[in-house]
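*Asks:* Below is a structure I'd like to ask you about.
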Amino acid sequence: MSFNARTIRLGSCMALGLVLAVLPFLVNNYWTDVCVSIGLYALLALSLNVILGQAGIFHMGHAAFYAVGAYTTAILNTMFQWPIFWTMPLAGCAAGLVALVVARPIIHLRGDYLLIVTIGIVEIVRIALVNDIFGITGGSNGIFGISRPTVAGFRIVKSFHFYYLVWGMCGLSLLLFHFLWNSRVGRALNYIKADDIAAEGCGVDVSHYKLMAFVLGAFWAGMAGTLYSAKMLTIAPASFNFMESVIIFAVVILSGGSQLGVLVSAFLFIGLPELMRGLTESRMLFFGLAMMLMMVWRPQGLLPPLPRVYTKARAVLDRMAAHDSDAKPSTTQEKTL
Amino acid sequence: MSLLEVCDITKIFGGLVALNEVDFTVEKGSVVGLIGPNGAGKTTVFNCITGNYVPESGDILFRGKSIRGKKPHKVVELGIARTFQAIRLFGKLSVLENVLAGRHCRLKSGLLSSLFHTPAQRREEEAAVERCLEELHFVGLDRVWQEEAGSLAYGSQRLLEIARALASDPELLILDEPAGGMNDQETASLVDVIAAIRERGTTVLLIEHDMRLVMKICEKLVVLEHGNVIAKGDPETVKTNPDVIEAYLGTDDGDDEEY
Chain A
1 MSFNARTIRL GSCMALGLVL AVLPFLVNNY WTDVCVSIGL YALLALSLNV ILGQAGIFHM
61 GHAAFYAVGA YTTAILNTMF QWPIFWTMPL AGCAAGLVAL VVARPIIHLR GDYLLIVTIG
121 IVEIVRIALV NDIFGITGGS NGIFGISRPT VAGFRIVKSF HFYYLVWGMC GLSLLLFHFL
181 WNSRVGRALN YIKADDIAAE GCGVDVSHYK LMAFVLGAFW AGMAGTLYSA KMLTIAPASF
241 NFMESVIIFA VVILSGGSQL GVLVSAFLFI GLPELMRGLT ESRMLFFGLA MMLMMVWRPQ
301 GLLPPLPRVY TKARAVLDRM AAHDSDAKPS TTQEKTL
Chain B
1001 MSLLEVCDIT KIFGGLVALN EVDFTVEKGS VVGLIGPNGA GKTTVFNCIT GNYVPESGDI
1061 LFRGKSIRGK KPHKVVELGI ARTFQAIRLF GKLSVLENVL AGRHCRLKSG LLSSLFHTPA
1121 QRREEEAAVE RCLEELHFVG LDRVWQEEAG SLAYGSQRLL EIARALASDP ELLILDEPAG
1181 GMNDQETASL VDVIAAIRER GTTVLLIEHD MRLVMKICEK LVVLEHGNVI AKGDPETVKT
1241 NPDVIEAYLG TDDGDDEEY
């Protein structure tokens, strides 16, 4: 059964990849733009998934790190004429650094207590930006005149250019986070989510790994901020409000924690309201109803992660079994003790 | 020098003196039992050793060095692994992944090598899986390595906790009521496992209510009552100690301690 579920997931991943690869050729500019926006949310949700989905840390302030990344890029680009892509690692580092500083004193808080503090973080960042902190953020008007990114002389201008840029980044993140999930670090985050006291008692440095998840997620959100700046050309504090954080949070919760789930959930969350534009005023009503039905019918989320695969385990077990049957005639050690 | 020296530790919760200058040692290679009526403070002693609590006074020496106030994960790294009285497995994760949790502190792969899936990370991962399967084999759970830990029978879950603790290469293994909730057959196989652990050179300190098991496998007993050590020594002397007899006949088995 689990083999089947795995095959279906792999198949749908590949199908989704194929559809995404050709989509800009099938739809008009408007829908390509919508897909860019979905891609940005998917990227943010993938990064939040490390914190919320994997480590189970209730963090509802992700827009704060997104903002730090976007502003880092905007400031470096407009004031110091840095090319956009050069600012990307720095935007990530700035967001990661902010995350490290603000998370360190609060990381031991649990569940809803942490949630409230993270809401505070996003508000502090937004208000700091509105108040033109250090005189470089441009107050509530924000920063405009951000230049277009270039790759090896090629200027990224059109919607479909951005589409491939954003979704390419999503693909890369998907791969790297998949590796992370399949590692000692990914497991440690899952242990913490399941039972942090047991995790600590097994030798996992719980606060270290929580902090690591937080900083990594923030780093990624910062890089997503760079892409946002490059796409919008103008950024303002209003784009990084609490509502954004809630949407990213909800995308992750709806996804169930797997990466494919995050993508599907980003499409549902950002794409569905666009599709329902015809319903005008009442579209949020339908959206709310859909969310309620989800909670009733699928409280674990759309696609929870499947168990990890340990390909080498079977061979090791066979070897051990062979060794046992060899050893049996001469001595039966352990068993008779 | 003893492997573990608990030196006059006192632990106070509010106005309650849970441990009053508790003092005993565990020699390398031995199996020591910590016994006493319910509420005597046995689990509190364990929690002080493993770093979950910090005693108000006194010290705990492991291999001659103080571990008082060290965080639990640090204590595991130093070589003391534990099991919990109320089973604390990661119920939704597989049996193998539970054992890998114990192996965690002996692995080195960090964030970057994990993100980029480096060859060194892969090799380490394979070695870890192999080692953990060996531990599962050791306690006889290798066949169910893929199952969800929470779906195992109670006795198997206790053995899995032991395998998880063993995966961290402990010098001292601390078992909190390993036979709790086990039937006679499971208890008998547990006795075999503990004997085999000792054979490996791992020292064992355990809390247990099953007196037959304690008398069979422990060479030294420490008896606690109301946070005081009332007797220590080999099982025969302890059994005939009048204070111990009074403590045991004076109280009845009631509710279990928490944790």
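If you read the protein sequences in the order shown, they are chains A and B. In terms of the numbering used here, the first sequence opens at residue 1 and continues consecutively. In terms of the numbering used here, the second sequence opens at residue 1001 and continues consecutively. The beta-carbon is built from N, C-alpha and C at its ideal position, and this holds for glycine as well.
Can you name the residues of chain B whose CB is closer than 8 Å to the CB of Leu176(A)?
*Replies:* Neighbours of Leu176(A) on chain B, chain order: Leu1115, Phe1116.
*Asks:* For a quick check, are the C-beta atoms of Ala224(A) and Leu44(A) less than 7 Å apart?
*Replies:* Yes.
*Asks:* Are the C-beta atoms of Ser1002(B) and some chain A residue less than 7 Å apart?
*Replies:* Ser1002(B) does not count as touching chain A.
*Asks:* Would a C-beta distance cut-off of 7 Å place Ala1081(B) and Pro1170(B) closer than the cut-off?
*Replies:* Contact flag set, yes.
*Asks:* Output yes if chain A places a C-beta closer than 7 Å to the C-beta of Arg1198(B); else output no.
*Replies:* Judged by the 7 Å Cβ criterion, Arg1198(B) is not in contact with chain A.
*Asks:* In whole angstroms, what is the alpha-carbon distance linking Pro83(A) and Lys1074(B)?
*Replies:* Going by the C-alpha atoms only, they are around 45 Å apart.
*Asks:* Near Phe242(A), what residues of its chain come up, given a Cβ to Cβ distance below 6 Å and the 5 sequence neighbours on each side ignored?
*Replies:* The residues are Val122.
*Asks:* Count the other CB atoms within 10 Å of the CB of His59(A); is the residue buried (16 or more) or exposed (fewer)?
*Replies:* Answer is buried; the Cβ neighbour count reaches 16.
*Asks:* Among Ser1057(B), Thr1050(B), Arg1143(B), His1117(B), which has the Cα closest to the Cα of Phe1084(B)?
*Replies:* Minimum Cα distance to Phe1084(B) is reached at Thr1050(B).
*Asks:* Who are the Cβ neighbours of Phe65(A) in its own chain at under 7 Å, not counting the five residues just before and after it?
*Replies:* The answer, listed in chain order, is Ala95, Val98, Ala99, Ala218, Ala221, Gly222.
*Asks:* Is there a Cβ of chain B sitting closer than 7 Å to that of Pro304(A), yes or no?
*Replies:* With 7 Å as the cut-off, Pro304(A) does not count as an interface residue toward chain B.
*Asks:* Ignore the nearest five residues each way along the sequence and tell me which others in Cys1132(B)'s own chain have a CB closer than 7 Å to its CB.
*Replies:* Leu1096, Val1099, Leu1100, Arg1103, Ala1167.
*Asks:* Can you tell which of Cys35(A), Asn28(A), Ile116(A) has the C-alpha that lies nearest to the C-alpha of Phe267(A)?
*Replies:* Checked all of Cys35(A), Asn28(A), Ile116(A); the closest Cα to Phe267(A) is Cys35(A).
*Asks:* Can you pull the chain A neighbours of Ser1151(B), defined as C-beta to C-beta under 9 Å?
*Replies:* The premise fails here: Ser1151(B) is roughly 12 Å from chain A at the closest Cβ pair, so nothing lies under 9 Å.
*Asks:* Would you mind telling me which residues of chain A sit closer than 8 Å to Arg1082(B), beta carbon to beta carbon, in chain order?
*Replies:* Chain A residues near Arg1082(B): Gly201.
*Asks:* Quick check on the burial criterion: 16 or more other C-beta atoms within 10 angstroms. Buried or exposed for His323(A)?
*Replies:* Exposed: under 16 other Cβ atoms inside 10 Å.
*Asks:* For the region 1104-1113 of chain B and the region 281-294 of chain A, state whether three or more C-beta atom pairs, one from each stretch, are separated by less than 8 Å.
*Replies:* With the cut-off at 8 Å, the region 1104-1113 of chain B and the region 281-294 of chain A do not touch.
*Asks:* Compare the C-beta of Gly217(A) with all C-beta atoms of chain B and state if any pair is closer than 7 Å.
*Replies:* By this cut-off, Gly217(A) is not an interface position.
*Asks:* Taking C-beta pairs closer than 7 Å, name the residues in chain B that Pro307(A) reaches, listed in chain order.
*Replies:* Ordered by position in chain B, the residues that pass the 7 Å Cβ test against Pro307(A) are Ser1094.
*Asks:* CA-CA distance, His1117(B) and Phe179(A)?
*Replies:* C-alpha separation (whole angstroms): 6 Å.
*Asks:* Round the Cβ separation of Ala1163(B) and Glu1135(B) to the nearest angstrom and send it over; I've been treating them as touching at under 8 Å.
*Replies:* Indeed, because the Cβ distance is near 4 Å, the residues count as touching under 8 Å.
*Asks:* With distances taken between CB atoms, is the gap from Ala63(A) to Phe240(A) smaller than 7 Å?
*Replies:* Against a cut-off of 7 Å, the Cβ pair of Phe240(A) and Ala63(A) comes out as a contact.
*Asks:* Using a Cβ-Cβ cutoff of 7 Å, what residues of the region 1222-1235 of chain B are near chain A? List them in chain order.
*Replies:* Answer in chain order: no residues at all.
*Asks:* Could you name the residues of chain D that Arg1088(B) contacts, counting a contact when the two beta carbons are closer than 8 Å?
*Replies:* No chain D appears in this structure, whose protein chains are A and B.
*Asks:* I'd like to check one pair, Ser245(A) with Ser255(A): are the Cβ atoms closer than 7 Å?
*Replies:* Not a contact, by the Cβ cut-off of 7 Å.
*Asks:* Where do the N-terminal and C-terminal ends of the beta strand (DSSP E) with Thr1260(B) fall, by residue?
*Replies:* Residue 1260(B) is absent from the model: chain B starts at 1001 and stops at 1259.
*Asks:* Answer yes or no: do Pro1235(B) and Leu1221(B) have a C-beta to C-beta separation smaller than 7 Å?
*Replies:* Yes, the pair counts as a contact, with Cβ atoms nearer than the cut-off.
*Asks:* How many whole angstroms separate the CB atoms of Gly301(A) and Ile253(A), which I take to be in contact at a CB cut-off of 8 Å?
*Replies:* Contact flag correct, Cβ pair sits at about 7 Å.
*Asks:* Could you compute how far the alpha carbon of Trp1145(B) sits from the alpha carbon of Leu109(A)?
*Replies:* Answer to the nearest angstrom: the Cα atoms are 34 Å apart.
*Asks:* With three or more C-beta pairs closer than 8 Å as the rule, is the region 1153-1161 of chain B touching the region 1180-1192 of chain B?
*Replies:* Short answer: they touch.
*Asks:* Can you give, in chain order, each stretch of the alpha helix (DSSP H) that sits fully within the region 1123-1209 of chain B and has at least 4 residues?
*Replies:* Qualifying alpha helix (DSSP H) stretches, in chain order: 1154-1166, 1184-1199.
*Asks:* Would the beta-carbon of Ala70(A) fall within 7 Å of that of Ser229(A)?
*Replies:* In contact: Ala70(A) and Ser229(A) (Cβ atoms closer than 7 Å).
*Asks:* In the DSSP assignment, find the unbroken beta strand (DSSP E) run with Asn1020(B) in it and report its ends.
*Replies:* Residues 1016-1026.
*Asks:* Interface residues of chain B around Arg187(A) at Cβ under 9 Å?
*Replies:* The contacting residues are Leu1093, Glu1097, Leu1100, Ala1101, His1104.
*Asks:* Closest to Val1214(B) by C-alpha separation, out of Val1032(B), Met1001(B), Val1193(B), Lys1011(B), would be which residue?
*Replies:* Closest option to Val1214(B), Cα to Cα, is Val1032(B).
*Asks:* Residues in its own chain within less than 6 Å of Ile75(A) by CB, not counting five upstream and five downstream?
*Replies:* These residues qualify, in order along the chain: Ile136.
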